[in-house]
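Structure, as structure tokens:
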Amino acid sequence: DGGITQSPKYLFRKEGQNVTLSCEQNLNHDAMYWYRQDPGQGLRLIYYSQIVNDFQKGDIAEGYSVSREKKESFPLTVTSAQKNPTAFYLCASSSAGGRGSGNEQFFGPGTRLTVL
Amino acid sequence: GDSVTQMEGPVTLSEEAFLTINCTYTATGYPSLFWYVQYPGEGLQLLLKATKADDKGSNKGFEATYRKETTSFHLEKGSVQVSDSAVYFCALSVGGGYNKLIFGAGTRLAVHP
Chain F
1 DGGITQSPKY
11 LFRKEGQNVT
21 LSCEQNLNHD
31 AMYWYRQDPG
41 QGLRLIYYSQ
51 IVNDFQKGDI
61 AEGYSVSREK
71 KESFPLTVTS
81 AQKNPTAFYL
91 CASSSAGGRG
101 SGNEQFFGPG
111 TRLTVL
Chain C
1001 GDSVTQMEGP
1011 VTLSEEAFLT
1021 INCTYTATGY
1031 PSLFWYVQYP
1041 GEGLQLLLKA
1051 TKADDKGSNK
1061 GFEATYRKET
1071 TSFHLEKGSV
1081 QVSDSAVYFC
1091 ALSVGGGYNK
1101 LIFGAGTRLA
1111 VHP
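The listed protein sequences derive, respectively, from chains F and C.
Just so you know, we're using my numbering here: the first sequence kicks off at 1 and counts up by one.
Just so you know, we're using my numbering here: the second sequence kicks off at 1001 and counts up by one.
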């Protein structure tokens, strides 16, 4: 079955440690995204990538880093510079599309990160 | 800038009641509009979408019509079930090559037997 997988489902981190969240898709999508979700809030875009070896900052990129070495994979590193990293992190992917194409984003199941 | 505003929740209904969740947007140009649903502890699933004015998206008994004149995309269902309990997100796509989505804050729906 095609889809997006994220691992781990739950992650605990001590303050001052970097941690990497995995995101893999087998939908053959060009574009991938990372969002952060906090209680009672909508999703905020952290980083996105339209093509391998290229990515751009979203609205809240500070304290995060990404790589896109393969089309299928878009890992997110939460660094010690991120002041409030406890949140639910969602990865998504979509096919490329022009303005108004309405291409949907497909979401993974999420990773809940807790800083101890 | 582009934005989405949803009615605040939680919305609490009895089974078989009529549901409306309001969504209005501000956008330049002609965005595509989406409703996503999130069940507890899970990622988001696309519920329905509309790509141009007057389009009606529908799925699983849910409907929403893209109203350009009122910049709205309200979600409706005639008879809700307990299994519809979830958080519903309205979103718009500002287009471009990667279809960036802008989300509303989400509306939690609780349906009781």
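Even for Gly, the Cβ is constructed at its ideal location relative to N, Cα and C.
Alpha-carbon to alpha-carbon, residue j and residue i
i, j, result
"P1031 of chain C", "A1110 of chain C", "30 Å"
"G1001 of chain C", "T1028 of chain C", "8 Å"
"Q1081 of chain C", "F1062 of chain C", "12 Å"
"D59 of chain F", "Y47 of chain F", "8 Å"
"E69 of chain F", "L27 of chain F", "16 Å"
"K1077 of chain C", "S80 of chain F", "45 Å"
"G1104 of chain C", "E72 of chain F", "28 Å"
"Y1088 of chain C", "V1037 of chain C", "5 Å"
is_contact[residue i, chain F] using C-beta, thresh 7 Å
i, result
"L1044 of chain C", "yes"
"F1073 of chain C", "no"
"L1101 of chain C", "yes"
"A1027 of chain C", "no"
"G1061 of chain C", "no"
"G1104 of chain C", "yes"
Residue-level contact to chain C via CB, residue i, 7 Å cutoff
i, result
"V75 of chain F", "The amino acid at residue 75 of chain F is misidentified as Val; the sequence shows Pro. With 7 Å as the cut-off, P75 of chain F does not count as an interface residue toward chain C."
"F55 of chain F", "no"
"L90 of chain F", "yes"
"L43 of chain F", "yes"
"G3 of chain F", "no"
"E72 of chain F", "no"
"E104 of chain F", "yes"
"P8 of chain F", "no"
Where residue i falls, given that 16 or more other Cβ within 10 Å makes a residue buried
i, result
"G1057 of chain C", "buried"
"N107 of chain F", "Here residue 107 of chain F is Phe; the residue named in the question, Asn, does not match the sequence. F107 of chain F is buried by the Cβ-count criterion."
"K1052 of chain C", "exposed"
"N18 of chain F", "exposed"
"P8 of chain F", "exposed"
In DSSP terms, what residue i is bridged to
i, result
"E24 of chain F", "F:T5 and F:S73"
"L1092 of chain C", "C:L1033 and C:I1102"
"A1110 of chain C", "C:T1012"
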